[in-house]
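This report refers to the structure that appears directly beneath it.
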Amino acid sequence: MGKKLKALTAKPGLDGHDRGIKIVNRIFMESGIEVVYIGNSMPKEIIQAGIDEDADIIGLSILSSSYKVLIPEFIELVEKNGLKDRMLLLGGIILPRDQKKYKERGFAGVYGPGTNVHKVVDYIRKYFEMEES
Numbered sequence: 017m018g019k020k021l022k023a024l025t026a027k028p029g030l031d032g033h034d035r036g037i038k039i040v041n042r043i044f045m046e047s048g049i050e051v052v053y054i055g056n057s058m059p060k061e062i063i064q065a066g067i068d069e070d071a072d073i074i075g076l077s078i079l080s081s082s083y084k085v086l087i088p089e090f091i092e093l094v095e096k097n098g099l100k101d102r103m104l105l106l107g108g109i110i111l112p113r114d115q116k117k118y119k120e121r122g123f124a125g126v127y128g129p130g131t132n133v134h135k136v137v138d139y140i141r142k143y144f145e146m147e148e149s
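Letter by letter, the sequence shown follows residues 17 to 149 in the numbering used here.
Right, dumping it as structure tokens:
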């Protein structure tokens, strides 16, 4: 990989459970990924920040059932704003049927509690190496 990867991370909506995303952010940074964390934000704000920051990765963490409204809205905005070339990652408590649906709609990875973040970093590196080839 030539350039340093940049990840924009956020907590869609008002979900205040931020310990997981803070751990992810720390491991990303320790692995050489630049992180811009915007905290609690609505999908439109996340999209705008992704554009403004020119993020390679947009990572979302949500632990409430509000994902059923917020993630479809986020996906629509990704498509509308031409951001399908960004790597989209989603972490949280997401029902298996919804995980499958979100992967089909453009998320490169959907992860639940207890995921080994170092394996996610390995996946990110492989993803971008393949993209460069």
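Glycine included, every Cβ here is placed at the ideal spot set by N, Cα and C.
Who pairs with residue i in a beta bridge, going by DSSP?
i	result
Thr25	Tyr53 and Gly75
Just mark residue i as buried or exposed, buried being the case when its beta carbon has 16 or more other beta carbons within 10 Å.
i	result
Gly32	exposed
Leu76	buried
Gly66	buried
Ile62	buried
Leu24	buried
Ile39	exposed
Pro28	buried
Please go through the same chain and pick out, in chain order, the residues whose beta-carbon is closer than 8 Å to the beta-carbon of residue i, but skip the five residues on each side of it.
i	result
Thr131	Gly107
Phe144	Met17, Leu21, Asp72 and Met103
Which same chain residues, not among the five before or five after residue i, have their C-beta less than 6 Å away from its C-beta?
i	result
Ile91	Arg121
Ile49	Leu21 and Ala23
Shortest alpha-carbon distance to residue i belongs to which of the options?
i	options	result
Ile109	Glu61, Lys100 and Pro129	Pro129
Lys60	Lys100, His134 and Val94	Val94
Give me, in chain order, the residues of the same chain whose beta-carbon lies closer than 7 Å to that of residue i; leave out the 5 immediate sequence neighbours on both sides.
i	result
Ala124	Met103, Leu104, Leu105 and Tyr143
(message) Pairs of beta-carbons, one from the region 85 to 99 and one from the region 47 to 57, closer than 8 Å: are there three or more?
(response) no
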